[in-house]
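Start counting the sequence shown at 13; every next residue gets the next number (my numbering). A quick write-up on the structure given underneath.
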Amino acid sequence: MDKIDLKIIRLLQENGRLTNQDLAEAVNLSPSPCLRRTRALEASGVIKGYAAIVDEKAFGLPITVFVQIRLSEHTGPAVQAFEAKIRDIDRILDCYVVTGSDDYILRVLTRDLADYERFVRESLHCIPGIASIDTSFAYGTVKRSMILPQPGLS
Numbered sequence: 013m014d015k016i017d018l019k020i021i022r023l024l025q026e027n028g029r030l031t032n033q034d035l036a037e038a039v040n041l042s043p044s045p046c047l048r049r050t051r052a053l054e055a056s057g058v059i060k061g062y063a064a065i066v067d068e069k070a071f072g073l074p075i076t077v078f079v080q081i082r083l084s085e086h087t088g089p090a091v092q093a094f095e096a097k098i099r100d101i102d103r104i105l106d107c108y109v110v111t112g113s114d115d116y117i118l119r120v121l122t123r124d125l126a127d128y129e130r131f132v133r134e135s136l137h138c139i140p141g142i143a144s145i146d147t148s149f150a151y152g153t154v155k156r157s158m159i160l161p162q163p164g165l166s
């Protein structure tokens, strides 16, 4: 990827609804080469798709919860079964395998404390092999970005 590709990616992350004409003007290309570059970035998997960014509070899910999970065993089948169950739960937006005392961190959105309790009781407690569930509620957001940093920049 060159500087033009990086600029195309940045601009589309900022506004995925840019027309090819506007994008071409912003990166100082004519529309045809700009479209070829964008299609190549899509075909190579660098650009995976386009989506609307929905405001969680306006949507009715104002509380962000980080859930730390530790498994009781770490055999291949136990891990695979846990991860398969997690993938099937729509309420879990992100699931990361982490180092440290926990094995996974989940990001969940919820309406309120009672809604989170239902989620834990009806979804997480049903998954075999969980040794512990620890919860942290986010009470504010300092920064949240959907725009990836440019390679080589800090």
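Glycine included, each C-beta is placed from N, C-alpha and C at the ideal position.
Own chain residues within Cβ distance below 6 angstroms of residue i, not counting five before or after
{"i": "M13", "result": "none"}
{"i": "Y62", "result": "G28"}
{"i": "D106", "result": "R119"}
Those residues which DSSP pairs with residue i across a bridge
{"i": "L107", "result": "Going by the sequence as given, residue 107 is Cys instead of Leu. In the DSSP output, where bridge partners are listed per residue, C107 has L118."}
{"i": "S148", "result": "F78"}
{"i": "I142", "result": "L83"}
Cβ neighbours of residue i in the same chain (closer than 7 angstroms, five flanking residues each side left out)
{"i": "T122", "result": "L73, I75, V77, Y128 and F131"}
{"i": "G88", "result": "none"}
{"i": "R178", "result": "The chain is shown from 13 up to 166; residue 178 falls before or after that span and cannot be answered."}
{"i": "S166", "result": "Here S166 scores only 49 on pLDDT, less than 50, and its place in the model should not be relied on; the value that follows carries that caveat. Nothing meets the Cβ criterion."}
{"i": "A90", "result": "L83 and G141"}
Chain-order list of residues whose beta-carbon lies under 8 angstroms from that of residue i (same chain, five-residue window excluded)
{"i": "I142", "result": "I81, R82, L83, S84, F94 and L136"}
{"i": "T153", "result": "T76"}
{"i": "C46", "result": "I20, N32, L35, A36 and V39"}
{"i": "R103", "result": "V120, L121, T122, F131 and S135"}
{"i": "E68", "result": "P74, T76 and L121"}
{"i": "L30", "result": "L23, L24 and A38"}
{"i": "Q162", "result": "L18 and R22"}
{"i": "V109", "result": "D115 and Y116"}
Closest residue to residue i among the options (Cα-Cα distance)
{"i": "R119", "options": "R51, L23, D146 and K60", "result": "D146"}
{"i": "S157", "options": "N27, S144 and A52", "result": "N27"}
{"i": "S148", "options": "I117, P163, A126 and R133", "result": "I117"}
{"i": "C138", "options": "I59, H86, L160 and I101", "result": "I101"}
{"i": "D124", "options": "A96, Y151, V109 and P140", "result": "Y151"}
{"i": "P140", "options": "I159, K155, K60 and K97", "result": "K97"}
Per-residue burial, residue i [other beta carbons within 10 Å of its own, 16 or more giving buried]
{"i": "Q25", "result": "exposed"}
{"i": "R49", "result": "buried"}
Any contact between the region 74-83 and the region 113-120? By contact I mean 3 or more CB pairs, one from each, below 8 angstroms. yes
Three or more beta-carbon pairs under 8 angstroms between the region 39-56 and the region 16-25, yes or no? yes
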